[in-house]
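Right, one structure below, let's go through it.
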Amino acid sequence: MKQLQDSENLNSSKNLAKPFIKWVGGKTQLIGQLENFYPLELPAGKIHKYFELFIGGGAVFFEVIQKFPIEKAFINDINQDLILSYQVIRYNSQELIKTLSKLQEEYLTSNSQQRENIFYKIRQEYNQQRIEFDYNNLSQESIKRVSLMIFLNKTCFNGLYRTNKKGDFNVPIGKYKNPTICNSDNLLKISKILQNVTIHSGNYDIYTQYIDNNSFVYLDPPYRPISKTSSFTAYAKSGFNDDSQIKLSQYYKYLDQECQAKVMLSNSDPQNVDVQDVFFENLYSQYNIHRVSANRMVNSKAANRGKITELLITNY
Ligand SMILES: C[S@@+](CC[C@H](N)C(=O)[O-])C[C@H]1O[C@@H](n2cnc3c(N)ncnc32)[C@H](O)[C@@H]1O
45 MKQLQDSENL NSSKNLAKPF IKWVGGKTQL IGQLENFYPL ELPAGKIHKY FELFIGGGAV
105 FFEVIQKFPI EKAFINDINQ DLILSYQVIR YNSQELIKTL SKLQEEYLTS NSQQRENIFY
165 KIRQEYNQQR IEFDYNNLSQ ESIKRVSLMI FLNKTCFNGL YRTNKKGDFN VPIGKYKNPT
225 ICNSDNLLKI SKILQNVTIH SGNYDIYTQY IDNNSFVYLD PPYRPISKTS SFTAYAKSGF
285 NDDSQIKLSQ YYKYLDQECQ AKVMLSNSDP QNVDVQDVFF ENLYSQYNIH RVSANRMVNS
345 KAANRGKITE LLITNY
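Numbering of the sequence shown is given in the numbering used here, commencing with residue 45 and proceeding in unit increments.
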């Protein structure tokens with residue numbers, strides 16, 4: 045009986061919607077560990093609202109919303125293109141799938157020289173389009189733009205989204221032979237999930253007025269770099285420096301004390317390279333600081349690849 049239940053759980057996990065885009069700092073690999081630190085009120089059905097304020101690829105969001113009885117979810121990210129993609133998937137999934145399938149067919153039936161031409165032409169088009177793009181109104185152009193964004197993410201080197209200071213996507217072509225550019229099944233599942241989700245692009249404090257003692261808030265900000273050479277903060281245009289981390293810790297306190305929400309925050313662990321570095325211990329001294337192991341690469345001789353930890357800070 046136990047075995048049967050386990051295999052059913054495994055199957056049902058397999059059928060769940062998963063992130064449609066690979067994002068720097070994505071949490072897919074860590075999910076198994078993170079779920080041990082969710083508030084107990086979540087599986088008990090006592091938490092009804094979920095907030096993810098730095099959504100990125102949304103690995104935790106997809107997990108939480110599909111596994112627990114959340115009535116209302118709110119997602120946000122400062123990256124307008126990323127949020128546009130959640131909105132288009134919510135409102136125009138069928139048209140997005142059509143556009144993306146065409147791109148997939150063209151790419152997969154091309155030889156490597158043709159693929160290179162397609163990739164760089166699309167990258168140029170995507171960057172040019174941004175300059176005067178209207179992010180406030182969904183249109184045919186929005187569907188086109190999101191299909192280009194997903195195409196680039198699925199075909200670029202390492203499948204990551206990265207922009208330069210100007211805001212241009214600058215990752216070169218990747219070497220995937222047979223990439224799945226349009227995963228229709230997953231996009232449709234996501235679209236269904238998003239129907240009841242509030243989606244905005246702004247600063248992380250955008251939803252403060254809705255957060256209360258019925259809420260679980262997950263904060264996954266750009267990580268504090270743990271060595272001079274690592275640049276985990278190179279998302280979008282906004283640099284997230286130590287002052288931003290300090291401001292965020294004040295917001296964390298606000299969510300804890302004023303909103304009385306359950307709050308979980310991820311960040312890098314500076315002690316991977318410097319055991320004396322108590323930056324986060326000082327900022328979050330009233331809270332619980334857990335360490336989970338992550339398979340990330342660190343640009344430092346002091347830290348072994350594959351053996352580093354990340355922080356998970358909870359107020360419960
Ligand atoms: C670590 S990533 C999130 C990873 C994500 N949870 C996942 O699983 O893929 C951090 C995100 O914060 C966003 N960001 C940076 N500054 C922000 C701000 N002030 N307010 C909201 N989002 C911000 C970035 O655009 C980026 O998507």
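Virtual Cβ for every residue (Gly too), placed ideally from N, Cα, C.
Relative to ligand 1, residue 261 has its C-beta separated by 7 Å or more from all heavy atoms. Within the region 100–169, the beta strand (DSSP E) runs of at least 3 residues that lie entirely inside it are, in chain order, 116–120.
Here residue 333 carries a strand assignment [DSSP, helix/strand/coil]. Pairing residue 114 with residue 92 gives a Cβ-Cβ distance under 8 Å. Apart from sequence neighbours up to five positions away, the residues of its chain that approach residue 147 with a beta-carbon distance below 7 Å are 191, 195, 225, ordered along the chain. Per the DSSP secondary-structure output, residue 207 pairs in a beta bridge with 213. In terms of Cα proximity to residue 217, the closest of 233, 320, 156, 304 is 156. Per DSSP, residue 227 lies in no beta strand (DSSP E) segment and is marked neither H nor E.
Per DSSP, the continuous beta strand (DSSP E) segment holding residue 262 begins and ends at 259–263. Looking at the backbone, the Cα of residue 181 and that of residue 241 are separated by about 18 Å. Listed as beta-bridge partners of residue 68 by DSSP are no residues whatsoever. The beta carbons of residue 311 and residue 352 sit about 13 Å from each other, so the pair does not count as a contact at 8 Å. Residue 287 has its CB no nearer than 7 Å to any heavy atom of ligand 1.
Using a 10 angstroms sphere on the CB of residue 199, the tally of other CB atoms reaches 16 or more, which defines it as buried.
Boundaries of the beta strand (DSSP E) around residue 310: 306–312. With contacts defined by Cβ atoms closer than 8 Å, residue 288 and residue 327 do not form a contacting pair. For residue 321 and residue 359, the gap between their C-alpha atoms comes out near 21 Å. Residue 203 has its CB no nearer than 7 Å to any heavy atom of ligand 1.
Per DSSP, the continuous beta strand (DSSP E) segment holding residue 355 begins and ends at 352–358.
Remark: C-beta atoms of residue 78 and residue 71 approach each other more closely than 8 Å. DSSP places residue 93 in the uninterrupted beta strand (DSSP E) bounded by 93–96. Under a 10 Å Cβ-count criterion, residue 233 is classified as buried, with 16 or more other Cβ atoms of the shown protein chains found around its own Cβ. For residue 194, no beta strand (DSSP E) encloses it; the enclosing alpha helix (DSSP H) starts and ends at 184–199.
170 is the residue among 132, 187, 81, 170 whose C-alpha sits nearest the C-alpha of residue 212. Secondary structure at residue 175: coil, using DSSP grouped into helix, strand and coil. Each residue's CA atom was taken as its position, placing residue 193 and residue 255 some 31 Å apart.
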